[in-house]
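Visitor: In the numbering used here, the protein residues as written are 1 to 470.
A virtual CB, placed ideally from N, CA and C, is assigned to each residue, including glycine.
Below is a structure I'd like to ask you about.
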Amino acid sequence: MKLYRPEEECGIFGIFNHPEAANLTYLGLYALQHRGQEACGIVSSDGTSLHAHKGMGLVADVFGNQEIFKQLPGDGAIGHVRYSTSGSSVIKNVQPIMIDYSRGSIAVSHNGNIVNAQIIKDELEAWGSIFQTTMDTEIIVHLLATSKTSSLIERISDSLKRVKGAYCLLFLTETRMIAVRDPQGYRPLCLGKLGNSFVVASESCALDLIEAEFIREIEPGEIVEISKNGMASYFPFKKVEPAPCIFEFVYFARPDSTIFGKNVYLVRKELGRQLAREHRVEADVVIPVPDSGVPAAMGYAEESGIPFELGLIRNHYVGRTFIEPQQAIRHFGVKIKLNPVRELLKGKRVVVIDDSIVRGTTSRKIVKMVRNAGASEVHVLISSPPTSYPCYYGIDTPNRKELISSSHTIEEIRKYITADSVGYLSPEGLTQAVGTENTSYCRACFTGDYPIKFPQLRPDSQLGLFEKEL
Ligand code: AMP
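Set out below in structure tokens:
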């Protein structure tokens, strides 16, 4: 039996009604590269058929040859960048998925994770469906192809009513582009306009690059249909309490993006200020772990009055180290990526700010690096609460056993990473810094309070404590 594989962090982009749709999608994906570096793809529509190009690797590598765009004609296109996790990193799992069925062709890009995928898949297989990939996204396509309802919008909403979890979806047919955000709105998705073309992207930074105007975010539970006739919006799902992912603010989104109504950079800076209010440390210098720790470290420095320096310099040609699938590579990765500026750190009491500790590997290496550079004290402060619970809604946190804070006290973590002190932002501080207007953020990775209960053991997971408890 082939097991589904969750689609974790990803980025999606689409444009409709533009003569250079595939080219602009390439640029959009480029701006969303931070959301996934393992693989990418574009499907275009020329009004009568769909065309695809997909590959493993970065956007610039997969689409590095201008000739490729000749194979992607038409004025509609959707694209996808996919995050890397260990396991089935194979080309057949690269998105957008494209199928031909009784009513024509359809392609789909998905960001998120469907929690009841295995249940639906077992059912569909029992009815004779044959799956080509191990991605949960394919389940949506099968539901769609077997739906008995007449219009495409009905088929999409009908299919999605069976699906539980996090999804931002972009569909492309010969004549339409359709965007969907799940009723809880876990992942960000925004709508823009470029002349007479509509654009949809995971984050607003992708609209900025192509000089599209930001119109608004696609709302939780909304389906947006874009065709030659313009745009139509539908709300077919039962209204539920929204649960946008707070970790997008903490780590995942790009700081220049506006998501869930707020600019990410400003939120991160406020997280740093709040951290300074909660954890005052006697120190000479504040340094960030670049890049994700930079705005929080600036906020911390402003609030505490301790000078900010770029004490660690990042090699920008290395991807996010965490993204490397194997532990051995990750260990090496920190050194490849970061180098200390000894002259700034020698003899100093240093506060190092990062956004999160997952397994503790990065912090341990960094503390050692800063100490070896001559720091007299190294204090690690984290601009979010301890990440103690895995995410089932699209952020690729490891299972619970691997999350250091799920089984270690803060003192034990301090010892492990060999810091002089460790401090985390409080859950209340996080809420306050992000803002209390939307109090229903999903904070499950910090609290274990999952907005959608996980319906069964994940068959592909090594059992973590949480999964056993359920
Ligand atoms: P670790 O070494 O496992 O403790 O990873 C911590 C580092 O990974 C921090 O510097 C974070 O910025 C980064 N990080 C946190 N969550 C994620 C994630 N879901 N994907 C990639 N990187 C992450």
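DSSP three-state label for Thr175, please.
Guide: Reduced to three states, the DSSP call for Thr175 is coil.
Visitor: By the three-class DSSP mapping on this structure, what secondary structure does Thr321 have?
Guide: Because Thr321 carries a pLDDT of 45, less than 50, the predicted location of this residue cannot be relied on, and no value is offered for it.
Visitor: Provide the residue span of the alpha helix (DSSP H) that contains Glu437, from first to last.
Guide: That residue, Glu437, is in no alpha helix (DSSP H); it is neither H nor E in DSSP.
Visitor: When you compare each of Leu275, Glu38 and Ile15 to Ala433 by their alpha carbons, which one comes out closest?
Guide: Taking only the C-alpha atoms, the option nearest Ala433 is Leu275.
Visitor: Would you say the beta carbon of Arg359 is closer than 6 Å to some non-hydrogen atom of the ligand AMP?
Guide: Yes, the beta carbon of Arg359 sits closer than 6 Å to at least one heavy atom of the ligand AMP.
Visitor: In three-state terms, what does DSSP make of Pro427?
Guide: The answer is helix: DSSP assigns Pro427 an H, G or I state.
Visitor: Measure the C-alpha to C-alpha separation of Ala243 and Thr447 and round it to an integer number of angstroms.
Guide: Cα to Cα, Ala243 sits roughly 14 Å from Thr447.
Visitor: Put Val295 into one of helix, strand or coil per three-state DSSP.
Guide: Position check: residue 295 holds Pro in this sequence, whereas Val was assumed. Three-state result, Pro295: helix.
Visitor: For Asp100, does the three-state DSSP call read helix, strand or coil?
Guide: Here Asp100 sits in strand by DSSP.
Visitor: Please find out if some non-hydrogen atom of the ligand AMP comes closer than 6 Å to the beta-carbon of Ile382.
Guide: No, the beta carbon of Ile382 sits no closer than 6 Å to any heavy atom of the ligand AMP.
Visitor: Is the segment 224-241 touching the segment 389-409 in the sense that three or more CB pairs, one from each, lie closer than 8 Å?
Guide: Counting Cβ pairs under 8 Å, fewer than three are found: no touch.
Visitor: Taking 6 Å as the cut-off, is the beta-carbon of Ser292 closer than that to any non-hydrogen atom of the ligand AMP?
Guide: Checking the Cβ of Ser292 against the ligand AMP gives yes.
Visitor: CB of Ser356 to nearest heavy atom of the ligand AMP: below 6 Å?
Guide: Ser356 Cβ: within cutoff of the ligand AMP.
Visitor: Is the beta carbon of Ile218 sitting closer than 7 Å to the one on Ala179?
Guide: Taking 7 Å as the Cβ cut-off, Ile218 and Ala179 qualify as a contacting pair.
Visitor: Quick one: Cα of Ser421 to Cα of Asn372, how far?
Guide: Going by the C-alpha atoms only, they are around 17 Å apart.
Visitor: Can you pull the DSSP bridge partners for Thr48?
Guide: The partner list for Thr48 (beta bridge, DSSP) is empty, contrary to what the question assumes.
Visitor: Assuming Pro188 contacts Glu225 under a Cβ cut-off of 8 Å, what Cβ separation, rounded to an integer in Å, is found between them?
Guide: With a Cβ gap of about 20 Å, Pro188 and Glu225 do not count as contacting.
Visitor: Tell me whether Phe63 is buried or exposed, calling it buried when 16 or more other Cβ atoms sit within 10 Å of its Cβ.
Guide: Buried is the call here.
Visitor: Measuring from the CB of Thr362, is there a heavy atom of the ligand AMP at a distance below 6 Å?
Guide: Yes - the ligand AMP has a heavy atom lying nearer than 6 Å to the Cβ of Thr362.
Visitor: So what's Cys391 in DSSP terms, helix, strand or just coil?
Guide: Residue state, collapsed to three classes: coil.
Visitor: Could you check which residue in Phe214, Leu160, Arg176 and Arg273 has the C-alpha nearest to that of Gly221?
Guide: Out of Phe214, Leu160, Arg176 and Arg273, Leu160 has the C-alpha closest to the C-alpha of Gly221.
Visitor: For the segment 402-422 against the segment 201-217, do three or more pairs of beta-carbon atoms, one drawn from each stretch, fall closer than 8 Å, so that the two count as touching?
Guide: Contact between the segment 402-422 and the segment 201-217 is absent, because fewer than three Cβ pairs lie under 8 Å.
Visitor: Closest to Asn111 by CA distance: which of Gly195, His53, Gly165 and Ser102 is it?
Guide: Here the closest residue by C-alpha is Gly165.
Visitor: So if DSSP puts Asn229 in a beta bridge, which residue, or which two residues, is it bridged to?
Guide: Beta-bridge pairing links Asn229 to no other residue.
Visitor: Please check the pair Ala77 and Ala31, which I expect to be a contact at CB under 8 Å, by giving their CB distance rounded to whole angstroms.
Guide: About 15 Å separates the two Cβ atoms, so there is no contact after all.
Visitor: I'd like to confirm something about Tyr251: is its beta-carbon nearer than 6 Å to some heavy atom of the ligand AMP, or not?
Guide: Flag set: Cβ of Tyr251 near the ligand AMP.
Visitor: To the nearest angstrom, how far is it from the Cα of Phe131 to the Cα of Glu138?
Guide: Those two C-alpha atoms are separated by around 7 Å.
Visitor: Which runs of the alpha helix (DSSP H) fall wholly inside the segment 53-136 and span at least 4 residues, in chain order?
Guide: Qualifying alpha helix (DSSP H) stretches, in chain order: 59-62, 67-70 and 117-126.
Visitor: Rounded to the nearest angstrom, how far is the Cβ of Tyr167 from that of Ile114, given a contact under 8 Å?
Guide: Correct: roughly 6 Å between the Cβ atoms.
Visitor: For Ile99 and Val141, I'd like the C-alpha separation in whole angstroms.
Guide: Taking the straight line from one Cα to the other gives about 8 Å.
Visitor: Val351 and Leu310: beta carbons closer than 7 Å?
Guide: Not in contact: Val351 and Leu310 (Cβ atoms no closer than 7 Å).
Visitor: What are the residues that DSSP puts in a beta bridge with Tyr167?
Guide: Beta-bridge pairing links Tyr167 to Gly112.
Visitor: DSSP state of Lys415, grouped into three classes?
Guide: Looking at Lys415 - three-state DSSP - the assignment turns out to be helix.
Visitor: Looking only at its chain, what residues have a beta carbon closer than 7 Å to the beta carbon of Leu72, apart from the 5 residues adjacent to it on each side?
Guide: Excluding sequence neighbours, Leu72 sits near Ala22, Ile42, Ser44, His51 and His53.
Visitor: Please determine, among Arg359, Asn65, Ser383 and Pro307, the residue with the shortest C-alpha to C-alpha distance to Ile417.
Guide: Per the Cα distances, Arg359.
Visitor: Determine the contact status of Glu67 and Arg35, defining contact as a CB-CB distance below 7 Å.
Guide: Not in contact: Glu67 and Arg35 (Cβ atoms no closer than 7 Å).
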